[in-house]
Every structure is written in structure tokens, then in C-alpha cells.
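*Asks:* One structure, as C-alpha cells, below. Some questions next.
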Amino acid sequence: MQHLKTAKALALASACAAALWTGAAVADPDLTAELVIDGELHLVTRAPSDDVVTPNLPERYSGWLFRTADTRALQMDDFANPAMLAVEQGADLWSTADGTAGQSCQDCHGDAEESMAGVRAHMPHVNANGVLWSMEDYVNNCRTERMGAEAWRWSGEQMVAMTSYIAMQSRGMPVDVQIDGAAAPYWEQGREMYYTRYGELELSCANCHEESYGRMIRADHLSQGQINGFPTYRLKNAGMVSIHNRFRGCIRDTRAETFAEGSDEFRALELYVASRGNGLSVEGVTVRP
Amino acid sequence: MTDVRPRIRLPRNAAAGDSITVKTLINHDMESGQRRNSAGETIPRQIINRFTCEFNGAMVIDAALEPAISANPYMEFEALVPASGEFVFTWYDDNGEVYTATEAFEVS
Chain A
24 MQHLKTAKAL
34 ALASACAAAL
44 WTGAAVADPD
54 LTAELVIDGE
64 LHLVTRAPSD
74 DVVTPNLPER
84 YSGWLFRTAD
94 TRALQMDDFA
104 NPAMLAVEQG
114 ADLWSTADGT
124 AGQSCQDCHG
134 DAEESMAGVR
144 AHMPHVNANG
154 VLWSMEDYVN
164 NCRTERMGAE
174 AWRWSGEQMV
184 AMTSYIAMQS
194 RGMPVDVQID
204 GAAAPYWEQG
214 REMYYTRYGE
224 LELSCANCHE
234 ESYGRMIRAD
244 HLSQGQINGF
254 PTYRLKNAGM
264 VSIHNRFRGC
274 IRDTRAETFA
284 EGSDEFRALE
294 LYVASRGNGL
304 SVEGVTVRP
Chain B
947 MTDVRPRIRL
957 PRNAAAGDSI
967 TVKTLINHDM
977 ESGQRRNSAG
987 ETIPRQIINR
997 FTCEFNGAMV
1007 IDAALEPAIS
1017 ANPYMEFEAL
1027 VPASGEFVFT
1037 WYDDNGEVYT
1047 ATEAFEVS
């Protein structure tokens, strides 16, 4: 009798374990999915890891792989992709004069397809004075110093439209941010932030995005937290979300007093997080839940 | 709200009598009237409440849209094209504005 009971208990325990294992597998990314835009442009969503930046990741995965089939399909059709509305708006802004100099971006930079190709892939980037700048900084610097226009809000509608348009000019190119030389101190600062626990919940970026990607946190399916697909159209917001906007959201979700968009801390974090995606394709503008 | 701009996607070619897939997308906040602003006041409803598509004068689809439809409504449907002609798409806004787009279509 005792012997039978133990056997039953063991069977029950292993059945439970099997159920948990199956549950975890359902939440894993679909590594077989191929990201092809309009049946033509293939994007790289899996990239090799390395010993320097991501020694704890077996491979680098784009956030696209973690989404449901419906969400993935939305991004593969440039017509249905709601983020393209922001790109169109950015294209309009590119050729519209603004500011006291009466110039548009186009007047100096010409055709964005040529002049902006590769820009997104190298952002954030140390400027000529040795200061790390995000794309938003470069845009606002042109506006205030050369166009005589007002700076745009970091995550305002116009700035996001412009960064979306510029990001599209690098779609398909591999992310390739510099982490050595002048960028090294910023990268170190970003790395330290990534592994620092914040907030009442005492969660670091790594707790979710390095140790737990593929698992669910409440109703959200955790990805590796890559930013190669930003700016993104978040279905939850029914609108575009910028990188720093997302950083704010993440840290606020740990119930912490979060840093500001455009802060030095977020620029450093942006550099570090971008480097974790080196090798993945810039996805232009994406669709995320 | 930014410029409301409709976008149409029709297949490149079809034979007379074919059923083609028509895709349309329009940017619109589709404010449901359920949300509140930071002051606690209800943000008033403003949605596109009706979408129609006509081909050579014949009604292809006449859809009533409700507040549950999220921003930037995407409509995809089948249309029978017996001959070459013109598609006329119309979106009706709660505030009385009407947005239209037309697209010619040739059958082979």
C-alpha cells in the first residue's frame, strides 16, 4: 500500500512537472519564423552572441520573434503596418521648411534615402566634441543651431515621426554601435545600469531581459529587450513609442522614480542596450504589443 | 489630430469578373469616449462611424464602425470587378467631416 502511494505521488509530480515544462515552451520565441517585408526584404532576427557584450545570451533575438503570428504579420506588410503612418509624417516634415532660416532638412541633407542611410544603425553615437548623443540630439541640434527652429520634445509626435523616417533609411542594415574609444565610459555606465536593481520591486533590466526572456510577466511575454526595432508602434498605446519612452516605462514598472527622457543616464543605457543587439537588422519601424 | 490621410492598396492586375482584395488604412485617433485625461475629465468621443466603398456607382461595402474599433482603422475586404472603373472610398467622422479617396482600376 505504502509502495503504491509513493509511485502515485511520483507519477503526479512528474505529470505536474511535464505540464509546467509544456507551459514554458508555449511562451518561448518562435525561432523558425522568418521576417520578410512585402515578400522581398529579409531581415535578420537572430544574431550570434559574443563574450564581451552578451556573454550570458546564447544568441541575440529580435523582439519580433516573441510576438504572436498576427502581430508578426502586421510588420511584414508595409501597407498594414500602422507605424508607416508615422514614417510618412516624418517624410513630410523632412521636406517642410521650419525655423527662422527658412530651411528644411532636405535643403541641406538632400534625399534622406542617401544621406541618412546607415545613421540609425550607428546610434547612439559620440559626436565631434566627444559627447554621446542619441538621434534625437542630432535632430534637435540641427533645428536649434542651424534652422533657427524650436527643439522638438523628445517623444513628441514630430520627433518620433522624424526618427521613424530616419530609422527606415537603415532598415535591413546590421546594428553596429561603437562601444570602445570615446564611447567606452558611456558603455560602462550603461552596462552598470543594466545590471542594477531599481525600484520597490528591485528589478534590473537583466532580471527580465537576460534571465527571463521567453517567460511571461503577468500578461506580457518578455523579450530580450532589444531596441533594433525602435521607434515602434505599440498596439497597447495605439501609437509610436521611442526608446527613452520605453526605458521610462520599464523603470516605472519596477515602481521606481524613473530617469527623464533625454537624460545622460538613458543615453548611456541606450548605447549599452543597442550594443546587445549588434548584428541584428535595424527593423525600421516595428509593431509590438 | 494630424492630417487625416487615407491609403488604398489594390492588386496590380485582375481579369474582368475576378474578386480582388481591397485594403484601406486611414489614420484617425478613434477616440472612444471612454478615456479620461489627467484632470479626470472624459475625453469626448470622436470616431469614424461609417465607411463605404463604391465601384462604378455600385455599393461594394457599407460598414458601421463602433467605438470598440481601435485607432487607425484598417479595412480589408473582397470586391467583384466586372469591368474597369473607379473605386470611391468614403469615411464619415463623428464631427461631420468626410474623408474620401478614389482609385481607378483596370481589368485585363
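These protein sequence lines are chains A and B, in that order.
Each residue of the first sequence is one higher than the one before, starting from 24 at the first, in the numbering used here.
Each residue of the second sequence is one higher than the one before, starting from 947 at the first, in the numbering used here.
C-beta atoms are modelled at their ideal positions from N, C-alpha and C, and glycine is treated no differently.
Only a predicted model underlies this, so the values are computations on that prediction, with no experimental measurement involved.
Given that A:Ala261 touches chain B, what residues does it touch there, using C-beta distances under 9 Å?
*Replies:* Against the first sequence, residue 261 of chain A aligns to sequence position 238. Going along chain B in sequence order, the residues near A:Ala261 (Cβ under 9 Å) are Asp975, Met976, Ser1016, Ala1017 and Asn1018.
*Asks:* How many Å lie between A:Asn79 and A:Glu233 at the Cα?
*Replies:* The residue labelled residue 79 of chain A in the question sits at position 56 within the first sequence. The residue labelled residue 233 of chain A in the question sits at position 210 within the first sequence. Distance between the alpha carbons of A:Asn79 and A:Glu233 is about 7 Å.
*Asks:* Taking Cβ-Cβ distances below 8 Å as the criterion, which residues of the stretch 95 to 108 of chain A are in contact with chain B?
*Replies:* Per Cβ criterion, the list reads Phe102, Ala103, Pro105 and Leu108.
*Asks:* What residue does the alpha helix (DSSP H) around B:Phe1035 start on, and which one ends it?
*Replies:* Against the second sequence, residue 1035 of chain B aligns to sequence position 89. Counting along the chain, B:Phe1035 falls outside any alpha helix (DSSP H), though it belongs to the beta strand (DSSP E) covering Gly1031 to Asp1039.
*Asks:* Considering just the uninterrupted stretch of the beta strand (DSSP E) at A:Ile250, what are its terminal residues?
*Replies:* Counting from one through the first sequence, the residue named residue 250 of chain A turns up at place 227. Here A:Ile250 belongs to no beta strand (DSSP E), and DSSP marks it neither H nor E.
*Asks:* Taking only beta-carbon positions, decide if B:Arg982 is within less than 9 Å of chain A.
*Replies:* Locating residue 982 of chain B in the second sequence gives position 36, counting from the first residue. False, the Cβ-Cβ gap to chain A never drops below 9 Å.
*Asks:* In terms of residues, what are the limits of the beta strand (DSSP E) holding A:Arg165?
*Replies:* Position 142 of the first sequence, counted from the first residue, corresponds to residue 165 of chain A. Looking at the sequence provided, one finds Cys at residue 165 of chain A rather than Arg. No beta strand (DSSP E) holds A:Cys165; DSSP gives it neither H nor E.
*Asks:* Short of 8 Å in beta carbon distance, which residues of its chain neighbour A:Arg176, apart from the five on each side in sequence? Order them along the chain.
*Replies:* Stepping through the first sequence from its first residue, residue 176 of chain A is reached at position 153. Excluding positions up to five away in sequence, the list reads Met182.
*Asks:* Could you give the DSSP three-state label for A:Ser304: helix, strand or coil?
*Replies:* For the purposes of this step, residue 304 of chain A is taken as the residue at position 281 of the first sequence. Of the three classes helix, strand and coil, the one that applies to A:Ser304 here is strand, per DSSP.
*Asks:* Checking 9 Å against the spacing of the C-beta atoms, do B:Ala985 and B:Ser1030 come in under that value?
*Replies:* Taking the first residue of the second sequence as position 1, residue 985 of chain B is located at position 39. Taking the first residue of the second sequence as position 1, residue 1030 of chain B is located at position 84. For B:Ala985 and B:Ser1030, no; Cβs fall outside 9 Å.
*Asks:* Taking one C-beta from the stretch 97 to 116 of chain A and one from the stretch 157 to 171 of chain A each time, how about it: are there three or more such pairs within less than 8 Å?
*Replies:* The stretch 97 to 116 of chain A vs the stretch 157 to 171 of chain A: no contact.
*Asks:* So A:Asp101 and A:Ile60 are in contact, right, with Cβ under 8 Å, and what is the actual spacing, rounded?
*Replies:* Taking the first residue of the first sequence as 1, we reach residue 101 of chain A at position 78. Taking the first residue of the first sequence as 1, we reach residue 60 of chain A at position 37. A:Asp101 to A:Ile60, Cβ: 6 Å. Contact.
*Asks:* Quick one: which chain A residues come within Cβ less than 8 Å of B:Leu971?
*Replies:* Looking up residue 971 of chain B in the second sequence gives position 25. Simply Phe102, Ala103, Pro105 and Leu108.
*Asks:* Please report whether the beta-carbon of A:Leu64 lies at a distance below 9 Å from any beta-carbon of chain B.
*Replies:* Counted from its first residue, the first sequence places residue 64 of chain A at position 41. No, A:Leu64 lies away from the interface with chain B (no Cβ there is under 9 Å from its Cβ).
*Asks:* Spatial neighbours of B:Leu971 within its chain, please: C-beta separation below 7 Å, excluding the five flanking residues on both sides.
*Replies:* On the second sequence, position 25 is the one that residue 971 of chain B refers to. Closer than 7 Å at the Cβ level, and outside the excluded window around B:Leu971, lie Arg953, Asn1018 and Tyr1020.
*Asks:* So with Cβ pairs under 9 Å, would you call B:Arg958 a contact of chain A?
*Replies:* Counted from its first residue, the second sequence places residue 958 of chain B at position 12. So no, B:Arg958 is outside the interface.
*Asks:* Tell me the DSSP secondary structure of B:Thr998 in three-state form.
*Replies:* In the second sequence, counting from the first residue as 1, residue 998 of chain B sits at position 52. Of the three classes helix, strand and coil, the one that applies to B:Thr998 here is strand, per DSSP.
*Asks:* B:Asn1041: buried (16+ other C-beta within 10 angstroms of its C-beta) or exposed?
*Replies:* Residue 1041 of chain B sits at position 95 when you count from the first residue of the second sequence. Exposed.
*Asks:* Between which residues of its own chain and A:Gly272 is the CB-CB distance below 7 Å, once the five residues before and five after are set aside?
*Replies:* Sequence index remark: in the first sequence, residue 272 of chain A carries index 249 (1-based). Nothing meets the Cβ criterion.
*Asks:* So with CB distances below 7 Å, who are the chain A contacts of B:Arg991?
*Replies:* Here residue 991 of chain B refers to the residue found at position 45 when the second sequence is read from its first residue. Neighbours of B:Arg991 on chain A: none; closest Cβ ~15 Å, over 7 Å.
*Asks:* My guess is that A:Ala140 and A:Ser187 are in contact by the Cβ rule of under 8 Å, so how many angstroms apart are they, rounded?
*Replies:* As a working mapping, residue 140 of chain A is identified with position 117 in the first sequence. As a working mapping, residue 187 of chain A is identified with position 164 in the first sequence. The Cβ separation is near 15 Å, so there is no contact.
*Asks:* Quick check on B:Val900: does DSSP put it in helix, strand or coil?
*Replies:* The structure shown does not extend to residue 900 of chain B, since chain B is modelled only from 947 to 1054, so the question has no answer here.
*Asks:* How many whole angstroms separate the CB atoms of B:Phe1033 and B:Thr1046, which I take to be in contact at a CB cut-off of 8 Å?
*Replies:* Working through the second sequence from its first residue, we reach residue 1033 of chain B at position 87. Working through the second sequence from its first residue, we reach residue 1046 of chain B at position 100. B:Phe1033 to B:Thr1046, Cβ: 11 Å. No contact.
*Asks:* Report the rounded CA-to-CA distance for A:Arg214 versus A:Ala206, giving the unit in angstroms.
*Replies:* Taking the first sequence and counting its residues from 1, one reaches residue 214 of chain A at position 191. Taking the first sequence and counting its residues from 1, one reaches residue 206 of chain A at position 183. Going by the C-alpha atoms only, they are around 12 Å apart.
*Asks:* Spell out whether any CB of chain B is found under 9 Å from the CB atom of A:Glu284.
*Replies:* Within the first sequence, the letter at position 261 stands for residue 284 of chain A. Judged by the 9 Å Cβ criterion, A:Glu284 is not in contact with chain B.
*Asks:* Can you grab the Cα-Cα spacing for the pair B:Glu987 / B:Trp1037, in whole Å?
*Replies:* Along the second sequence, one-based indexing puts residue 987 of chain B at 41. Along the second sequence, one-based indexing puts residue 1037 of chain B at 91. Distance between the alpha carbons of B:Glu987 and B:Trp1037 is about 28 Å.
*Asks:* Roughly how many whole angstroms lie between the Cα atoms of A:Leu58 and A:Trp87?
*Replies:* Residue mapping note: residue 58 of chain A aligns to position 35 of the first sequence, counting from 1. Residue mapping note: residue 87 of chain A aligns to position 64 of the first sequence, counting from 1. Using only the alpha carbons, I get a separation of about 8 Å.
*Asks:* Within 9 Å (strictly less), CB to CB, does A:Glu111 reach chain B?
*Replies:* Counting from 1 along the first sequence, the entry for residue 111 of chain A is found at position 88. So yes, A:Glu111 belongs to the interface.
*Asks:* What did DSSP end up calling A:Ile274 once you bin it into helix, strand or coil?
*Replies:* Here residue 274 of chain A refers to the residue found at position 251 of the first sequence. A:Ile274 falls in the helix class under three-state DSSP.
*Asks:* If A:Ala297 sits next to A:Val200, beta carbons under 8 Å apart, how far is it from one beta carbon to the other, in whole angstroms?
*Replies:* Position 274 of the first sequence, counting from 1, holds the residue named residue 297 of chain A. Position 177 of the first sequence, counting from 1, holds the residue named residue 200 of chain A. Confirmed, Cβ separation roughly 5 Å.
*Asks:* Quick one: Cα of B:Glu1012 to Cα of A:Glu180, how far?
*Replies:* For the purposes of this step, residue 1012 of chain B is taken as the residue at position 66 of the second sequence. For the purposes of this step, residue 180 of chain A is taken as the residue at position 157 of the first sequence. Between B:Glu1012 and A:Glu180, the C-alpha separation is close to 26 Å.
*Asks:* Could you tell me which of A:Ala190, A:Leu155 and A:Val198 sits nearest to A:Trp210, measuring between CA atoms?
*Replies:* The count along the first sequence starts at 1 and reaches residue 210 of chain A at position 187. Out of A:Ala190, A:Leu155 and A:Val198, A:Leu155 has the C-alpha closest to the C-alpha of A:Trp210.
*Asks:* What three-state label does DSSP hand A:Glu111 in the structure shown?
*Replies:* On the first sequence, residue 111 of chain A is found 88 positions in, with the first residue counted as 1. Looking at A:Glu111 - three-state DSSP - the assignment turns out to be helix.
*Asks:* Report, in whole angstroms, the separation of the C-beta atoms of A:Tyr256 and A:Ala106, which I expect to be a contact under 8 Å.
*Replies:* Indexing the first sequence from 1 puts residue 256 of chain A at position 233. Indexing the first sequence from 1 puts residue 106 of chain A at position 83. So it is a contact: roughly 4 Å between Cβ atoms.
*Asks:* Answer yes or no: do A:Asn150 and A:Asp160 have a C-beta to C-beta separation smaller than 9 Å?
*Replies:* Position 127 of the first sequence, counted from the first residue, corresponds to residue 150 of chain A. Position 137 of the first sequence, counted from the first residue, corresponds to residue 160 of chain A. Cβ distance < 9 Å, so A:Asn150 and A:Asp160 count as in contact.
*Asks:* With DSSP collapsed to three states, give me the class of B:Ala1017.
*Replies:* Here residue 1017 of chain B refers to the residue found at position 71 when the second sequence is read from its first residue. Here B:Ala1017 sits in coil by DSSP.
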